[in-house]
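Protein chains in written order, with this note's numbering: chain A, 34 to 261; chain B, 1020 to 1460.
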């Protein structure tokens, strides 16, 4: 059964209360949200299996801290979509603004369009697949997880990167401090294959280059001061 | 032959022995000095204020007989479940990682026994801390280490850290020697690397964005938890006004004497304002917005005695937070470890290399052997005792000024010993009815 919540008649608090209760009930129900009109903090804090489809574009922090739920935005998403996501799947059919997937710990953030700057900033285990391009300073201080970009990457990709893995099919305008191109080994091809399939992306793993941390900035060394 | 009188060797004030030793250290290493703690320089402080006490124009309350209330409620603006504290002294945020698990447990135990709250720090919430803290404030920091919605929901309040007094505008660095397997696991980082704590949040950039961030956190936590915003003592009038605009229930204002686990000495000593200078502008901002007492103000940075507590409250704070003093109550810088401090090139009272993880007192360390030196039960009792003394002292002063609640203390109860303190606290210089900047003079 699918329940529809119309945001011209139901306010944000009521929508989130309904969704959060349904997720907590572990009933794996389906909800459709109509007329989101760019509302902020939609479908955030879901903690359980639930299928939510948002018919339109959302504001800041849609699906923030998501756990287990599947959230689809049939439009574009404002800043911080799926921030600090723990698990589940969040799909954006359009574009995503700044900080998409920021500090995410797990799950899959699937962006069908482009993502703006700082995509995957400080990510901590989330997988992010961007079918288009990503903006500057993406994966800044990214700690864990995978960022896959089918298009091009902007300036300073992976600046001050930790152990996150970055895969880019197109061009990279510039790499950030301590981020280098790395060998694509069989295990990376396999990881990428799984992610591309899961995201429904039409691309071959062999088309990508891998970027990661040179690990030169892991411990402070005065001889590296010019890197900053 | 009579000896020619000699002028005594004269040390330079500008190039003192201390300064010269730092020049030599810098020349030898090429690295700036990193240390823990807050500003060590002398700045105008609560010691520069005095209470006037009761006299002909007002009468005191009877000590040991008449009640002087100390309770405080934090988070009354929007939160469904504000925090009720028995005393107006809370424990400031300090991270697991910077502190040992035993130390965090001791802070929780002591705070709970005294009827107040304690606060997590960078690195997330530990079971020791949650389990032993009846009221726990969960910090929401730029790094978001260990941040997760489950801990958000089991917190009693959430503190969004914008800055701290030791380093307004700065991040942090937990050096690799303290990044054990457990600390690294909580922070999703490799063991043994230097761990950078970011200086700004990854997904908002200003008060307009922060307002939406707070909306998100409230939506995730069912609007139950009080939301604090912590700022360092930089531009207190505007920072507090913007925190209120962003939707804070509580503003935590940390002056430059507030401590840190590890920051450059140059940052600690040269950025930010003294706690005393921050309070009146912050209160003025709240008053101008009609929010004084509706948005509560918690002041921290150099609170040591019940007199400090009472003076902060008299200047308009609703509560204070202690960090360094709480660690000293647990056993930090205790003279019984003097021989070991000396081996580390320091001495009791001066030991501040908390980032190195070799703390003889077993507090600012992750070394399993050193950690065992701190008994969390006994240390928690010491903290409880200390918090009780702070409260009793504060009550004593409030009664002497004729108040039956510590929140009834007011600037008119105070005078200043120095021009600087008079200007900062906006209370008259002792023996006058004037302070610098007072309108009409």
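Even for Gly, the Cβ is constructed at its ideal location relative to N, Cα and C.
Which bits of chain B does residue i rub up against, with CB to CB less than 7 Å?
i: residue 112(A); result: 1222
i: residue 77(A); result: 1235, 1238, 1239
i: residue 98(A); result: 1168, 1239
i: residue 196(A); result: 1209
Report the neighbours of residue i on chain B: residues whose CB is nearer than 8 Å to its CB, in chain order.
i: residue 44(A); result: Under the 8 Å cutoff, chain B gives no residues; its nearest Cβ is about 11 Å from residue 44(A).
What does a CB cutoff of less than 8 Å around residue i pick up in its chain, not counting 5 residues either side in sequence?
i: residue 136(A); result: 116, 117, 154, 155, 156, 157
i: residue 1443(B); result: 1063, 1293, 1295, 1296, 1299
i: residue 1051(B); result: 1045, 1283, 1284, 1285
i: residue 1418(B); result: 1079, 1080, 1081, 1082, 1085, 1087
Quick one: what's got a C-beta closer than 6 Å to residue i's C-beta in the same chain, skipping five residues either side?
i: residue 1287(B); result: 1058, 1185
i: residue 1095(B); result: 1101
i: residue 244(A); result: 191, 199, 212, 214
i: residue 1065(B); result: 1327, 1330
i: residue 124(A); result: 105, 143
i: residue 61(A); result: 82
i: residue 1325(B); result: 1409, 1412, 1413
i: residue 1368(B); result: 1352
Under 8 Å Cβ-Cβ, which residues of chain A neighbour residue i?
i: residue 1217(B); result: 155, 174
i: residue 1213(B); result: 251, 252, 253
Can you list the residues of chain B that residue i reaches, using a CB-CB cut of under 9 Å?
i: residue 93(A); result: 1222, 1223, 1228, 1231, 1232, 1234, 1235
i: residue 101(A); result: Within 9 Å Cβ-Cβ: nothing; residue 101(A) doesn't reach chain B, min ~11 Å.
i: residue 166(A); result: Per Cβ cutoff of 9 Å: no residues; residue 166(A) is ~20 Å from chain B at best.
For the beta strand (DSSP E) containing residue i, list its first residue and its last residue.
i: residue 245(A); result: 242 to 246
i: residue 1175(B); result: Neither: residue 1175(B) is in no beta strand (DSSP E) and is coded neither H nor E.
i: residue 212(A); result: 212 to 215
i: residue 148(A); result: Neither: residue 148(A) is in no beta strand (DSSP E) and is coded neither H nor E.
i: residue 1434(B); result: 1433 to 1435
i: residue 155(A); result: Per DSSP, residue 155(A) belongs to no beta strand (DSSP E) and is neither H nor E.
i: residue 1284(B); result: Counting along the chain, residue 1284(B) falls outside any beta strand (DSSP E), though it belongs to the alpha helix (DSSP H) covering 1284 to 1289.
i: residue 1136(B); result: From DSSP, residue 1136(B) is part of no beta strand (DSSP E); its letter is neither H nor E.
i: residue 84(A); result: 84 to 88
i: residue 1023(B); result: No beta strand (DSSP E) holds residue 1023(B); DSSP gives it neither H nor E.
i: residue 1043(B); result: Careful: residue 1043(B) lies outside any beta strand (DSSP E), inside the alpha helix (DSSP H) at 1036 to 1048.
i: residue 1212(B); result: That residue, residue 1212(B), is in no beta strand (DSSP E); it is neither H nor E in DSSP.
i: residue 1390(B); result: Here residue 1390(B) belongs to no beta strand (DSSP E); instead the alpha helix (DSSP H) covers 1387 to 1390.
i: residue 64(A); result: 63 to 67
Where do the N-terminal and C-terminal ends of the alpha helix (DSSP H) with residue i fall, by residue?
i: residue 1407(B); result: 1395 to 1419
i: residue 1206(B); result: 1200 to 1206
i: residue 1441(B); result: 1438 to 1444
So which residues on chain A does residue i lean against when the C-beta distance must stay under 7 Å?
i: residue 1163(B); result: 117, 136, 155
For residue i, which residues of its own chain have a beta-carbon under 7 Å away from its beta-carbon, when the five flanking residues on both sides are left out?
i: residue 231(A); result: 141
i: residue 1086(B); result: 1423
i: residue 52(A); result: 64, 76, 79, 83, 85
i: residue 169(A); result: 150, 187, 188, 189
i: residue 122(A); result: 103, 140, 141, 143
i: residue 1076(B); result: none
Taking only beta-carbon atoms, is residue i less than 8 Å away from chain C?
i: residue 244(A); result: You won't find chain C in this structure, because its protein chains are A and B.
Counting only Cβ-Cβ distances shorter than 7 Å, please list the residues of the segment 169 to 186 of chain A near chain B, keeping chain order. So the close ones are 174, 176, 177.
Select from the segment 144 to 160 of chain A all residues with a C-beta closer than 8 Å to any C-beta belonging to chain B, and list them in chain order. Across the segment 144 to 160 of chain A, CB contacts with chain B closer than 8 Å involve 151, 154, 155, 157, 158, in sequence order along the chain.
Give a yes or no on contact between the segment 106 to 119 of chain A and the segment 1160 to 1170 of chain B, applying the rule of three or more CB pairs nearer than 8 Å. Output reads yes: the segment 1160 to 1170 of chain B touches the segment 106 to 119 of chain A.
Give the residues from the segment 113 to 138 of chain A that approach chain B closer than 9 Å (Cβ to any Cβ), ordered along the chain. So the close ones are 113, 116, 117, 119, 131, 132, 135, 136, 138.
What residues in the segment 51 to 85 of chain A have a beta carbon less than 7 Å from any beta carbon of chain B? Here the close residues are 73, 74, 77, 78, 80.
To be precise: take each residue of the segment 1092 to 1108 of chain B, compare its Cβ to all Cβ atoms of chain A, and keep it if any distance is under 8 Å. Which residues remain? Against chain A - using a Cβ distance shorter than 8 Å - the segment 1092 to 1108 of chain B contributes no residues.
Closer than 9 Å, Cβ to any Cβ of chain A: which residues of the segment 1194 to 1208 of chain B, in chain order? Taking 9 Å as the Cβ-Cβ cut-off against chain A, the residues of the segment 1194 to 1208 of chain B that qualify are 1194, 1195, 1206, 1207, 1208.
What are the residues in the segment 1279 to 1290 of chain B lying within 7 Å of chain A by C-beta distance? For chain A, none of the residues of the segment 1279 to 1290 of chain B brings a beta carbon within less than 7 Å of one of its beta carbons.
Would the segment 70 to 78 of chain A count as touching the segment 1234 to 1242 of chain B if we require 3 or more Cβ pairs under 8 Å? Segments in contact, yes.
Assess, as a yes-or-no matter, whether the segment 1214 to 1221 of chain B is touched by the segment 1120 to 1140 of chain B under the definition of 3 or more beta carbon pairs within less than 8 Å. Touching, no, given that fewer than three Cβ pairs across the two stretches are closer than 8 Å.
Specify whether the segment 1336 to 1352 of chain B and the segment 1394 to 1405 of chain B touch according to this definition: at least 3 beta carbon pairs, one from each stretch, less than 8 Å apart. Contact holds: three or more Cβ-Cβ distances are below 8 Å.
Count the CB pairs spanning the segment 1123 to 1130 of chain B and the segment 1390 to 1399 of chain B that are closer than 8 Å, and state whether there are at least three. These segments touch.
Okay, do the segment 1371 to 1387 of chain B and the segment 1203 to 1214 of chain B touch, 3+ Cβ pairs below 8 Å being the bar? The segment 1371 to 1387 of chain B makes no contact with the segment 1203 to 1214 of chain B; the number of CB pairs closer than 8 Å stays below 3.
Any 3 or more C-beta pairs closer than 8 Å across the segment 1303 to 1310 of chain B and the segment 1367 to 1375 of chain B: Taking a cut-off of 8 Å on C-beta distances, the segment 1303 to 1310 of chain B does not touch the segment 1367 to 1375 of chain B, as fewer than three cross pairs fall below it.
Taking contact to mean at least 3 C-beta pairs separated by less than 8 Å, is the segment 1267 to 1281 of chain B in contact with the segment 1315 to 1323 of chain B? Segments in contact, yes.
Is it a yes or a no for the segment 1143 to 1159 of chain B touching the segment 1169 to 1178 of chain B, going by three-plus beta-carbon pairs under 8 Å? Output reads yes: the segment 1169 to 1178 of chain B touches the segment 1143 to 1159 of chain B.
Quick check: the segment 1442 to 1457 of chain B against the segment 1105 to 1121 of chain B, are there 3 or more CB pairs under 8 Å? The segment 1442 to 1457 of chain B, when compared against the segment 1105 to 1121 of chain B, does not touch it at the 8 Å Cβ threshold.
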